[in-house]
Structures are given as C-alpha cells and as structure tokens.
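Trainee: Here it is: the structure, laid out below.
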Amino acid sequence: MNHFKPVALEHASRLVNHGPTVLVTSAHGGRRNVMAAAWSMPVEFTPPRIALVIDKKTWTRELVAASGAFGICLPGAALVDLTYAVGSASGRSVDKFAHHGIVAKPGPRLGMPVLETGCAAWLECRLLPEPHTEDAYDTCFGEVVAAAADARIFAGGHWRFGDDNTELQTIHHIGAGNFVRAGGILRAAPA
Ligand SMILES: Cc1cc2nc3c(=O)[nH]c(=O)nc-3n(C[C@H](O)[C@H](O)[C@H](O)COP(=O)(O)O)c2cc1C
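Just so we're aligned, residue 1 is where the sequence shown starts under my numbering, counting upward by one.
Structure (structure tokens):
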C-alpha cells in the first residue's frame with residue numbers, strides 16, 4: 001500500500017530542514033539518473049527554494065542543466081546501501097535505475113523521477129537560472145513546485161519519528177559510508 005500524500009508547498013522546507021542525505025534525480029533526452037547528496041538546505045520561504053550542491057563534474061549536473069529541473073528524494077534507513085551506491089558511481093555509462101532495480105515514477109509537475117518505495121518524501125524542483133552557478137559554483141538553487149511524503153512519518157506539515165517507522169527515518173551522512181538515522185527525539189521545554 002502506498003502511503004504518499006501531497007505536501008503543501010508552504011511546508012516543503014520542513015522536509016529538508018534537518019539536513020537529510022538525499023537522492024537527486026534528473027532526466028533529459030530519454031536518459032535519467034540518480035546520485036546521493038549530503039549538502040542541501042532550504043534558503044527561501046515563499047516560494048520555497050532550496051540550495052543543493054551538485055558537483056560540476058557529475059552526470060547529474062549535465063542533465064539538470066539541460067532539463068532545468070531536478071528531483072530530491074529522501075531515502076529512509078532501509079535505503080542506506082542504495083544511497084551510498086548511487087553516490088559512489090557515475091551514471092554516465094550505466095542506468096543506475098536499471099542496475100539497482102530502482103522503481104521510480106515521473107513527478108507530477110516536471111516529470112523528474114521520484115522514488116517512493118523506501119523513501120520518506122520527495123520534492124520536484126525547477127532549476128533557478130543563476131549566472132554564478134553556471135560559471136563557478138557547484139551550488140544550484142531550485143524552486144520547489146511539488147512535494148509529497150509518506151504519511152506514516154510526515155503528516156499535517158510535521159515529522160513524526162517513532163519506534164514504528166524507523167525504516168523510513170531519514171539518514172545523515174557523517175563520512176566514509178557512515179550514516180546516522182534521525183530519531184532520538186528531544187523535546188525542548190516550552191520557551
Ligand atoms: C553519502 C554521499 C553524499 C554525497 N553528497 C554529495 C553532495 O552533496 N554533492 C555532490 O555534488 N556530490 C555528492 N556526493 C557524490 C555524488 O553522489 C557522486 O559524485 C555521484 O557518483 C555522482 O553521480 P553522477 O555522475 O551519476 O551524477 C555524495 C556521495 C555520497 C556517497
């Protein structure tokens with residue numbers, strides 16, 4: 001059963017606010033790709049905009065520049081091996097979707113591949129034209145135009161991490177193939 005539900009765009013920044021390692025998806029001219037990215041963050045509220053570091057040497061970067069769009073998928077803990085694998089090899093000469101048996105569907109607004117099985121959420125982003133990005137920087141900016149999340153872990157605009165959804169909890173790369181899983185909620189006293 002699929003538990004994905006649309007996320008209101010005003011809540012989209014909350015999906016990446018806590019710094020999950022994500023899967024960046026791309027597609028252009030009949031080719032598609034997916035890579036891991038640890039460096040992303042929300043940068044604007046309305047419309048929701050996200051900064052994402054995509055190394056200029058990657059195949060992803062070429063596809064994103066050509067299509068003007070990318071997808072961001074949040075792998076749950078169950079996808080830690082897949083996340084590391086797609087971040088450790090380029091898709092220039094191999095279709096990583098076929099190679100790893102990844103099931104994806106086209107996003108509703110831009111047609112970017114989005115993964116739901118094993119993922120907590122996804123966002124579709126329109127690449128914002130930015131001369132500095134094109135010339136010098138690896139940082140890309142995207143405007144979120146669609147988002148959805150598995151209601152078992154994100155609903156009503158809020159995350160809910162619990163013992164019943166550990167496999168969907170987001171992962172955070174701490175280096176050399178080591179990740180920590182979100183969870184371990186600490187609730188601050190009312191200020
Ligand atoms: C856990 C992890 C996090 C990564 N984070 C980033 C990142 O934030 N930005 C980036 O450009 N590359 C990052 N990488 C490296 C890319 O995923 C890697 O270069 C990938 O092979 C590029 O694939 P492509 O050429 O098919 O696009 C990361 C790799 C791993 C394993």
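Cβ coordinates follow ideal geometry from the N, Cα and C atoms, glycine included.
With respect to 7 Å, is the separation between the Cβ of residue 173 and the closest non-hydrogen atom of ligand 1 below this value?
Mentor: One-based indexing of the sequence shown puts residue 173 at position 173. The closest heavy atom of ligand 1 lies less than 7 Å from the beta carbon of residue 173.
Trainee: Between 187, 189, 166, 191, which lies nearest to residue 181 when the distance is taken from Cα to Cα?
Mentor: On the sequence shown, position 181 is the one that residue 181 refers to. Of the listed residues, the one whose Cα sits closest to residue 181 is 166.
Trainee: If I'm right that residue 76 touches residue 125 with Cβ under 8 Å, what's the distance once you round it to whole angstroms?
Mentor: Stepping through the sequence shown from its first residue, residue 76 is reached at position 76. Stepping through the sequence shown from its first residue, residue 125 is reached at position 125. So it is not a contact: roughly 20 Å between Cβ atoms.
Trainee: Excluding the 5 residues flanking residue 3 on each side, which residues of the same chain have their C-beta closer than 8 Å to its C-beta?
Mentor: Within the sequence shown, residue 3 is the residue found at index 3, counting from 1. The residues are 150, 151, 152.
Trainee: Which residues mark the beginning and the end of the beta strand (DSSP E) in which residue 141 is found?
Mentor: Sequence index remark: in the sequence shown, residue 141 carries index 141 (1-based). 139 to 150 is the span of the beta strand (DSSP E), which, as asked, contains residue 141.
Trainee: Does the beta-carbon of residue 112, which I'm using as the reference point, lie nearer than 7 Å to any heavy atom of ligand 1?
Mentor: Counted from its first residue, the sequence shown places residue 112 at position 112. No, the Cβ of residue 112 stays beyond 7 Å of every heavy atom of ligand 1.
Trainee: Taking the alpha carbon of residue 17 as the point to measure from, which residue in 187, 145, 52 has its own alpha carbon closest?
Mentor: Here residue 17 refers to the residue found at position 17 of the sequence shown. The candidate whose alpha carbon is nearest that of residue 17 is 52.
Trainee: Is residue 102 near ligand 2 - that is, is its Cβ less than 7 Å away from at least one heavy atom of it?
Mentor: Among the ligands in the structure shown, ligand 2 does not appear; only ligand 1 can be found there.
Trainee: Please report the distance separating the alpha-carbon of residue 157 from that of residue 12.
Mentor: Position 157 of the sequence shown, counted from the start, is the residue given in the question as residue 157. Position 12 of the sequence shown, counted from the start, is the residue given in the question as residue 12. Near 8 Å, if we compare the C-alpha coordinates of residue 12 and residue 157.
Trainee: Going by CA-CA distance only, name the one from 31, 50, 39, 29 that's closest to residue 14.
Mentor: As a first step, residue 14 must be located in the sequence shown, where it is residue number 14. Among 31, 50, 39, 29, the Cα nearest to that of residue 14 belongs to 50.
Trainee: Among residues of its own chain, excluding the 5 on either side of residue 108, which ones have a beta-carbon nearer than 8 Å to its beta-carbon?
Mentor: The residue labelled residue 108 in the question sits at position 108 within the sequence shown. Closer than 8 Å at the Cβ level, and outside the excluded window around residue 108, lie 124, 146.
Trainee: Should residue 26 be labelled buried (16 or more other beta-carbon atoms within 10 Å of its own) or exposed?
Mentor: Within the sequence shown, residue 26 is the residue found at index 26, counting from 1. Under this definition residue 26 is a buried residue.
Trainee: For residue 192, which option in 36, 46, 148 has the closest C-alpha, if you only look at C-alpha atoms?
Mentor: Examination of residue 192 is not possible in this model, given that the chain is present from 1 through 191 alone.
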